[in-house]
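J.: Below is the structure I would like to discuss, written out as structure tokens.
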Amino acid sequence: MRDFLAVPEVSRPDALKKIWEHIKLRQLKNPANKREILCDEMLKSIFDGRDKVGMLEIARLVSSHFQKSK
């Protein structure tokens with residue numbers, strides 16, 4: 001996640017915001033199914049190498065990169 005965001009530390013909401021900016025900037029929404037994101041190499045690095053993810057899966061997949069607070 002650090003490599004993707006190019007910062008040493010980030011909050012989960014800020015990480016999600018940056019990921020969505022990346023998706024929009026690179027037009028990674030599947031034109032045939034707007035609820036699906038086609039992963040480029042950067043997204044594959046944080047989404048376990050997956051070629052595509054559903055919009056609703058992104059928050060769950062990002063959560064795995066963060067420690068649970070006590």
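Those letters in the sequence shown? Residues 1 to 70, by full-length UniProt numbering.
All C-beta atoms, glycine included, are put in the ideal place defined by N, C-alpha and C.
Since the structure is predicted, the reported quantities are computational estimates derived from the model, not experimental observations.
1. Residues bridged to E36 by DSSP?
2. Could you name the residues of the same chain whose beta carbon sits closer than 6 Å to that of M55, not counting the 5 residues immediately before and after it, in chain order?
3. Going by CA-CA distance only, name the one from G49, D48, L38, M42 that's closest to K18.
4. Along the alpha helix (DSSP H) that carries L16, what are the first and last residues, could you check?
5. What residue from A32, Q27, N33, A15 has the CA that sits closest to D40's CA?
6. Between the beta-carbon of K52 and the beta-carbon of L38, is there less than 8 Å?
T.: According to the structure shown:
1. In the DSSP assignment, E36 forms a beta bridge with G54.
2. Excluding sequence neighbours, M55 sits near R35.
3. Of G49, D48, L38, M42, the residue nearest in Cα terms is M42.
4. Start and end: 12-25.
5. Looking at the Cα atoms, Q27 is the closest of the given residues.
6. Contact flag set, yes.
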